[in-house]
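*Asks:* Dumping the structure here so I can ask a few things about it.
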Amino acid sequence: MHPLLLLKLLLLLMLANGAPIAVKDVLRRHLAYPVDGGTVLGDGRPLFGKSKTVRGLSVSLVATAIGSALLGLGWRIGLIISAVAMAGDLCSSLVKRRLNVAPSGRATGLDQIPESLLPLLAVRADLALAAWDILVVVGLFFVGEMLLSILFYRLHLRDHPY
4 MHPLLLLKLL
14 LLLMLANGAP
24 IAVKDVLRRH
34 LAYPVDGGTV
44 LGDGRPLFGK
54 SKTVRGLSVS
64 LVATAIGSAL
74 LGLGWRIGLI
84 ISAVAMAGDL
94 CSSLVKRRLN
104 VAPSGRATGL
114 DQIPESLLPL
124 LAVRADLALA
134 AWDILVVVGL
144 FFVGEMLLSI
154 LFYRLHLRDH
164 PY
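The sequence shown begins at 4 in this note's numbering and counts up one residue at a time.
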């Protein structure tokens with residue numbers, strides 16, 4: 004286990020998933036085009052929903068690539084982590100819409116695991132991560148995301164405390 008590397012990965016996951024939330028408060032609905040283009044599926048529910056935007060995806064990709072380069076892991080690792088985290092987040096949103104969970108509604112586990120586990124699996128070979136390393140970072144992300152969402156709510160960066 005490489006504690007400094009694991010900390011860097013945790014920071015990158017938080018950046019990838021937190022950057023879209025932070026920019027939302029600054030830009031409000033400006034440039035917030037839905038990734039799904041407003042597509043509604045046969046069940047009458049949106050594919051992903053209005054909260055999944057091209058702006059959020061773009062900000063995550065850029066911020067995480069820059070953050071990764073600054074942490075000494077290179078921009079490519081950050082780009083992979085962000086792209087896969089955002090894909091995991093979109094998959095979670097797709098499932099949540101099918102389960103009739105409201106946009107930004109709580110789905111413990113489904114909201115944290117795909118967006119942390121999948122990116123780590125995507126970079127495991129590049130960074131020589133062991134299964135234990137991945138489990139530790141996913142666990143820390145899970146707990147950290149739950150705690151930070153309360154903080155973000157109190158700072159008015161989130162609409163809900165989860």
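C-beta: ideal position from N, C-alpha, C; glycine also. Quick caveat: nothing in here was measured; it's all calculated off a predicted structure.
Ignoring anything shorter than 3 residues or poking outside the region 32-65, list the beta strand (DSSP E) runs there in chain order.
*Replies:* If we require 3 residues or more, the region 32-65 turns out to have no beta strand (DSSP E) run fully inside it.
*Asks:* Compute the Euclidean distance between the alpha carbons of residue 45 and residue 27, then round it to the nearest angstrom.
*Replies:* To locate residue 45, count along the sequence shown from 1; it is residue 42. To locate residue 27, count along the sequence shown from 1; it is residue 24. In a straight line, the C-alpha of residue 45 is about 29 Å away from that of residue 27.
*Asks:* Rounded to whole angstroms, what is the Cα-Cα separation between residue 85 and residue 48?
*Replies:* Taking the sequence shown and counting its residues from 1, one reaches residue 85 at position 82. Taking the sequence shown and counting its residues from 1, one reaches residue 48 at position 45. Their Cα atoms are separated by approximately 26 Å.
*Asks:* My output table needs one value for residue 20: the three-state DSSP class, helix, strand or coil.
*Replies:* Along the sequence shown, one-based indexing puts residue 20 at 17. Helix.
*Asks:* If we ignore side chains and look at the alpha-carbon of each, how far apart do residue 101 and residue 50 end up?
*Replies:* Residue mapping note: residue 101 aligns to position 98 of the sequence shown, counting from 1. Residue mapping note: residue 50 aligns to position 47 of the sequence shown, counting from 1. Cα to Cα, residue 101 sits roughly 9 Å from residue 50.
*Asks:* Out of 57, 58, 124, which one is the CA nearest neighbour of residue 87?
*Replies:* Taking the first residue of the sequence shown as 1, we reach residue 87 at position 84. The shortest C-alpha separation from residue 87 is found at 124.
*Asks:* When the Cα atoms are used, what is the spatial distance from residue 8 to residue 141?
*Replies:* Counted from its first residue, the sequence shown places residue 8 at position 5. Counted from its first residue, the sequence shown places residue 141 at position 138. Looking at the two C-alpha atoms, the distance is approximately 14 Å.
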